[in-house]
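The sequence shown runs 12 to 293 under this note's numbering.
Positions of the beta carbon are idealized from the N, C-alpha and C atoms, including for glycine.
Some notes on the structure that comes next.
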Amino acid sequence: MDSKAPEIEDYSNRFLFHPISDRLALVLSKTWVHPNAVSFAGVFFGILAGINYYHYDVGNSALWAFLYMLVWHVLDGTDGHLARLTGKATATGRAIDGLADHLVYLAVYLGMAFAIYEEGNSHIIWIVLLAGASHALQASMLDRERQTYRFWVYSGLAGTEPKKPQRPKNLFLLGLHIYFQFIAEMFDSNEAIKQKAFEMKITQNQRKKAAAYYRRNFVDYLHAWSIQSPNSHTFAIFVFCFFGFPLVYFLFEIVVLNLILFGFLIWKNYKDQALKRYLTSL
């Protein structure tokens, strides 16, 4: 569990996955297992899920795929906690963790895509590519909103000069960094609010008031954003495949979830402007 902001965790993470992950990380911290190995183990279970979703209409394959995805969710929480427990948290590890998440969904999407292709839909590749791009945008925006919450409520950095994250030196990791940052910043109106707080030179007491305001007004907002979370995607994939409609899932991702995201962006702008007015009134 993210000890810095447990109140904004998905309920499934807070009460199911992360308690298991924390206990597993504690056990693994007493062994030679490296956090990156846990990340790669998660990818392995994601591949198993993809293989079973390829056979979604055979026996209990969809159910097995769902169970493998649940194991991945546990491991996805374990690697970061293990890194913190063992002092092995690095920028490279975080990049590998993010890449592993995308590889899991790539495996699952490919498994479903091949199954749909064999059913006679030769245009599925374009649908899957669009769904994958949509997934990346939705996940990045959700992660960005959670990072912004931690900035205002816990970091104590409100009013300081906004800084860009340090870029990795490795070219491959640099490419991943630029990709994720570009997606995350496309619609981030809160960056302007951070700049406004810096220009106002708000005091420590004002920072505490801003933190309290953000906590009061953004916790429920962030729980609503959880419909875009990997947990929600995992459940939706299972439901659509279990009932025999993997193609409909991709259309759901592209149309419904993107419309919801658009609505969230409008809501986000409204709340960011309200925050700006509150800062001005301090």
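Given a cut-off of 8 angstroms, decide if residue j and residue i are closer than it, judged by their beta-carbon atoms.
{"i": "residue 61", "j": "residue 122", "result": "yes"}
{"i": "residue 109", "j": "residue 46", "result": "no"}
{"i": "residue 40", "j": "residue 88", "result": "no"}
{"i": "residue 233", "j": "residue 155", "result": "no"}
{"i": "residue 254", "j": "residue 260", "result": "no"}
{"i": "residue 218", "j": "residue 143", "result": "no"}
{"i": "residue 242", "j": "residue 24", "result": "yes"}
{"i": "residue 153", "j": "residue 236", "result": "yes"}
{"i": "residue 126", "j": "residue 65", "result": "yes"}
{"i": "residue 151", "j": "residue 264", "result": "no"}
{"i": "residue 224", "j": "residue 281", "result": "no"}
{"i": "residue 258", "j": "residue 132", "result": "yes"}
{"i": "residue 73", "j": "residue 249", "result": "yes"}
Taking buried to mean at least 16 other C-beta atoms within 10 Å of its own C-beta, is residue i buried or exposed?
{"i": "residue 71", "result": "exposed"}
{"i": "residue 273", "result": "exposed"}
{"i": "residue 107", "result": "buried"}
{"i": "residue 270", "result": "exposed"}
{"i": "residue 20", "result": "buried"}
{"i": "residue 284", "result": "exposed"}
{"i": "residue 159", "result": "buried"}
{"i": "residue 231", "result": "exposed"}
{"i": "residue 163", "result": "buried"}
{"i": "residue 292", "result": "exposed"}
{"i": "residue 275", "result": "buried"}
{"i": "residue 206", "result": "exposed"}
{"i": "residue 116", "result": "buried"}
{"i": "residue 93", "result": "buried"}
Nearest to residue i by CA position, among the options, is which residue?
{"i": "residue 75", "options": "202, 245 and 204", "result": "245"}
{"i": "residue 214", "options": "168, 44 and 227", "result": "168"}
{"i": "residue 35", "options": "78, 239, 55 and 82", "result": "82"}
{"i": "residue 26", "options": "223, 227, 84 and 224", "result": "84"}
{"i": "residue 118", "options": "98, 147, 56 and 93", "result": "56"}
{"i": "residue 99", "options": "276, 257, 275 and 49", "result": "49"}
{"i": "residue 165", "options": "126, 141, 211 and 226", "result": "226"}
{"i": "residue 267", "options": "238, 292 and 102", "result": "238"}
{"i": "residue 140", "options": "282, 275, 120 and 131", "result": "120"}
{"i": "residue 247", "options": "28, 51 and 80", "result": "80"}
{"i": "residue 86", "options": "28, 73, 95 and 287", "result": "28"}
{"i": "residue 210", "options": "17, 91, 220 and 287", "result": "287"}
{"i": "residue 278", "options": "228, 95 and 240", "result": "228"}
{"i": "residue 202", "options": "172, 91 and 68", "result": "172"}
{"i": "residue 78", "options": "91, 240, 59 and 69", "result": "59"}
{"i": "residue 240", "options": "212, 113 and 138", "result": "113"}
{"i": "residue 130", "options": "90, 17 and 68", "result": "68"}
In the segment 88-161, which residue ranges form an unbroken alpha helix (DSSP H) of at least 4 residues, counting only runs that do not cross its ends?
102-129 and 135-161
Considering only residues of the segment 199-263, which uninterrupted alpha helix (DSSP H) runs meet the minimum length of 4 residues and lie entirely inside it, listed in chain order?
201-211, 215-236, 241-253 and 257-262
Could you give the uninterrupted runs of the alpha helix (DSSP H) lying entirely in the segment 268-293, keeping only those of 4 residues or more?
269-292
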